[in-house]
Ligand code: ATP
Ligand code: ATP
Ligand code: MG
Ligand code: MG
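Residue numbers (this note's numbering): 1 to 875.
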């Protein structure tokens, strides 16, 4: 077996509404060996992976897949089920999968859901290996495979704090995106509604607050000035200063580096000059400035305040063991470390206890060694500070905080100015006001860890991630999303995308748009190129000012990666016509229809709209079947019998009646605009643009745009290179009429034909090509269609896409002459040469149809002749 292609479809796609992995698999000689010809394969698999029994498969009951395997199925099907179960075995619960034979014998399209992309891909590779071994009768050892998959899983896993926030966001249907690989910098929500955070620092965490938290002395001054209890302390630059500071403060004291974390370099409970010396040095090794502080007797507490509210409080104890009268201290540590919650570093909920220098010193101070059998009930501390990262434990006390303590802690958050703050409070307990006990704030932390609150060693776990999300998105009904319009079809996508964008902008919204050509934020081009795939969605939805996203969605992106969003508000399906057939396993119009309907199938169910072309039978059939949300049809025929029921149900239809584009609903007819006043309609000659205009109006109406604003948009959208680069751009120069367009398939040219007929009065000179990846017959038909629209035709070639140079042009050329021998056809390979020749040849009254790739070059060339101003064109 060989994997020919393997990639994640990261959004709704041809196979599923959810994220799916696609694998193109050649099973080669196994095509001749269905599983019933492999003795014992099902028994072997069942023994290897007992949980595969749960796979119901098409049989619909547990054991279903094993039944299929015994009855005989293909290797691709086995790979699918293995890919699913391997993911289940490492903790990612998935169920959906499919193995579909392709148009090529022995080649299968295997798809299966995933949660983590890297793990999903790795599971697919492992599945192929295992399936091959099962077929070959070799032994399979699952252990190493599972270990490897776990490694992949852990390498990609979010840390506990980030994970808690992301999960809380997803529970509210707020989308989350990692913005930079290798960091936890995360975007929640879209466009103007988005918020960003990294670990537990948010985009509203104050940078001054951050600096204050980083400087223990600065923190203490601010809190001391405000009457919050803090240990008295002094900054020292030498040991001599430290000595006099200790005398002034009063013994016992603590030494620590002015700035630091994880308790590194901190020595507590210093009672002698000797200990002060080593404490000073330990701190000085970490920071040039050493803080000497009064030692406060009390327990370590961590108070978490989010958005001004105390949401969790925990008591932390340094790593310790409690004696049982039989085990040595070392044995007790080993028992502790075998707790599965204890992992390495910050990855797990608790951390392993490592015996180090400090542990030996601590034990020595109380007269113990690691070999001491600790008496029952006696506690031996193994570290001097209570950090979780050195093996400490936490007990949740959130429900036992005195209101005065709560008030003081929330006040500290305000005084320092941090939206998420971890306050280190030394106090005997939290049930008494601070002034009634020995207590003081020793430090505040920006970006505090959440582990100890989410999974305390003892006590109730606290949903801290939810508090962060509720702070970032205070409106409980908001999911941080902006309206998305997705526009697909065979032809007219770019035009409709630009027009919809124009209407929304006209109505006062800030719009991010992606199409074949550009990505634009309002009227600024931020990227150039073909942006009809998921890359545009990413760029637009990340932009912090965008209120509306309008996205052209082409077939290529859907098949390669899936959509760039999980759900849209309005989906537009313009038409489904023969183009690109034969690519990526789409060979029939029904298959093409399924691809395009992905866009309407991912519209949101509640409050979403699908805008469908009722005059296109394929759209009518497939679009209507897959559409979610409410349907708005558009049709040239206001009496379209297929829409009678839809209308009488008081659902919306756009149509043309008495020369006007109108909105129909039940008995009501609302005039939107005169077709003759819509510049891109060319007085009705460009019927396809009337359809595009109705589609864009439907999309805007779906978003709740007022009819007046829809009208204003339609009236002010001109077929100029500025507003519609390369689509039906019309000029007259020296009496020569010239239309620049981009149609390069038969249905697009058929649409264009009525416009050409409406504009041309004398000789028609055409310049045209098509990308080489179309089928031979399609290229010939294109030539035939061009022949019916031109008297003289220049064929050029820019994009061979896998064909021999000249082959594409030849097919178009012969298609044209075969269809109509009276047309003069000439092949000139260079686009600009062909254009130049056509322009030179044109005489007053002639009509030039320039179907060009290089719009700018052609426009420049036209400017070489006398040329009207932009204002005249617009007029
Ligand atoms: P972390 O990263 O855990 O916050 P840190 O390096 O910032 O550690 P501190 O928080 O200042 O260091 O101190 C670490 C621990 O030392 C405290 O949690 C507390 O147990 C102890 N400690 C610090 N200052 C005092 C003090 N004045 N009196 C008593 N114990 C103290
Ligand atoms: P592409 O797939 O190349 O991105 P597209 O779908 O974005 O194309 P446009 O660029 O808007 O389509 O239009 C290309 C050409 O297709 C137009 O210039 C016109 O000739 C034709 N066309 C536009 N709209 C329609 C339509 N609704 N129906 C048929 N043909 C159309
Ligand atoms: Mg601290
Ligand atoms: Mg396009």
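Each residue gets a CB set at the ideal place from its N, CA and C atoms; glycine is no exception.
Distance between beta carbons of residue j and residue i, contact taken as under 8 Å
i: residue 387; j: residue 489; result: Between residue 489 and residue 387 the Cβ distance is about 59 Å, and since that is not below 8 Å, they are no contact.
i: residue 286; j: residue 265; result: 4 Å
i: residue 877; j: residue 215; result: In the structure as shown, the chain starts at 1 and stops at 875, and residue 877 therefore has no counterpart that could be examined.
i: residue 883; j: residue 554; result: Residue 883 is absent from the structure shown; the chain starts at 1 and stops at 875.
i: residue 351; j: residue 390; result: 7 Å
i: residue 206; j: residue 418; result: 6 Å
i: residue 188; j: residue 242; result: The Cβ separation is near 46 Å, so there is no contact.
i: residue 510; j: residue 545; result: 5 Å
i: residue 314; j: residue 471; result: With 8 Å as the limit, residue 314 and residue 471 do not qualify as a contact, their Cβ atoms being about 20 Å apart.
i: residue 233; j: residue 249; result: 7 Å
i: residue 430; j: residue 401; result: 5 Å
i: residue 127; j: residue 86; result: 6 Å
i: residue 882; j: residue 380; result: Within the shown structure, residues of the chain are numbered from 1 to 875, placing residue 882 beyond reach of any answer.
i: residue 473; j: residue 174; result: 6 Å
i: residue 137; j: residue 28; result: Incorrect: roughly 17 Å between the Cβ atoms, too far for contact.
i: residue 49; j: residue 142; result: 7 Å
i: residue 598; j: residue 558; result: 5 Å
i: residue 662; j: residue 714; result: Rounded, the Cβ-Cβ distance is 12 Å, inconsistent with contact.
Cutoff 7 Å; reference residue i; Cβ partners in own chain excluding five residues on either side
i: residue 837; result: 794 and 828
i: residue 592; result: 576, 581 and 586
i: residue 252; result: 269, 270, 271 and 295
i: residue 17; result: 601 and 602
i: residue 874; result: Note that residue 874 scores 49 on pLDDT, short of 50, meaning its location in the model is unreliable; the coordinates nonetheless yield the value given after this. Correct list, in chain order: 718 and 720.
i: residue 773; result: 583, 801 and 802
i: residue 589; result: 576, 578 and 618
Residues of its chain near residue i, where Cβ-Cβ distance is below 8 Å and the 5 sequence neighbours each way are ignored
i: residue 231; result: 220, 254, 293, 294, 295, 296, 426, 440 and 442
i: residue 53; result: 46, 62, 63 and 66
i: residue 355; result: 330, 333, 370 and 382
i: residue 870; result: Bear in mind that a pLDDT of 45 at residue 870, under 50, signals an unreliable position, so the model cannot answer this.
i: residue 647; result: 653, 664, 665 and 666
i: residue 131; result: 1, 75, 78, 79 and 82
i: residue 5; result: 22, 23 and 24
i: residue 20; result: 8, 9, 13, 96, 111, 112, 113, 114 and 562
i: residue 680; result: 495, 499, 686, 689, 692, 693, 717, 718, 719, 724 and 728
Same chain only: Cβ atoms within 6 Å of residue i, ignoring 5 sequence neighbours per side
i: residue 421; result: 305, 413 and 444
i: residue 641; result: none
i: residue 519; result: 526, 527, 531, 536 and 539
i: residue 767; result: 794, 834, 835, 838 and 850
i: residue 783; result: 812, 815 and 816
i: residue 657; result: 638
i: residue 630; result: 609
C-beta neighbour in chain D for residue i, strict 8 Å
i: residue 559; result: The structure shown contains no chain D, having only a single protein chain.
- Between the region 486 to 501 and the region 192 to 207, do at least 3 Cβ pairs fall closer than 8 Å? no
- Every unbroken beta strand (DSSP E) inside the region 76 to 150 [3 residues or more]: 97 to 101 and 107 to 113
- Evaluate the contact criterion for the region 275 to 290 versus the region 402 to 416: three or more CB pairs, one atom per stretch, below 8 Å. no
- Task: Please determine if the region 675 to 687 and the region 752 to 764 are in contact, where contact requires at least 3 C-beta pairs separated by less than 8 Å.
- Result: yes
- Query: Which whole runs of the beta strand (DSSP E) in the region 663 to 750 are 3 residues long or more, in chain order?
  - Reply: 668 to 674, 729 to 733 and 736 to 741
- Within the region 401 to 430, note down every full alpha helix (DSSP H) run reaching 4 residues or more, in order along the chain. 403 to 416
- Unbroken stretches of the alpha helix (DSSP H), 4 residues or longer, contained in the region 781 to 806: If we require 4 residues or more, the region 781 to 806 turns out to have no alpha helix (DSSP H) run fully inside it.
- Message: Quick test of the definition: if touching needs 3 or more C-beta pairs under 8 Å, does the region 696 to 703 touch the region 603 to 620?
- Response: yes
- Does the count of Cβ pairs from the region 476 to 487 and the region 540 to 550 closer than 8 Å reach three? Because the criterion of three Cβ pairs below 8 Å is met, the region 476 to 487 and the region 540 to 550 touch.
- Item | Uninterrupted alpha helix (DSSP H) stretches inside the region 207 to 269 (no shorter than 4 residues) | 207 to 214, 216 to 225 and 239 to 249
- Segments of 3+ residues assigned as beta strand (DSSP E) that fall wholly inside the region 572 to 619: 609 to 613
- Task: Would you check if there are 3 or more beta carbon pairs closer than 8 Å linking the region 444 to 454 to the region 134 to 154?
- Result: no
- 3 or more residues per run - each beta strand (DSSP E) lying fully within the region 630 to 659: Secondary structure remark: continuous beta strand (DSSP E) runs of at least 3 residues inside the region 630 to 659, in chain order: 630 to 635 and 652 to 657.
- Stretch pair the region 523 to 533 + the region 462 to 473: three plus CB contacts closer than 8 Å: Too few Cβ pairs lie closer than 8 Å, so no.
- Item | Around ligand 4, Cβ to any heavy atom closer than 6 Å, ordered along the chain | 493, 494, 515, 516, 532 and 552
- Determine contact between the region 731 to 738 and the region 844 to 864, defined as no fewer than three beta-carbon pairs at a distance below 8 Å. yes
- Query: With a cut-off of 8 Å, do at least 3 Cβ pairs link the region 852 to 860 to the region 774 to 784?
  - Reply: no
- Which ranges would you report for the beta strand (DSSP E) in the region 296 to 359 if only whole runs of at least 3 residues count? 299 to 306, 309 to 317 and 320 to 322
- Query: Which runs of the beta strand (DSSP E), 3 residues or longer, sit entirely within the region 492 to 523?
  - Reply: 511 to 514 and 516 to 521
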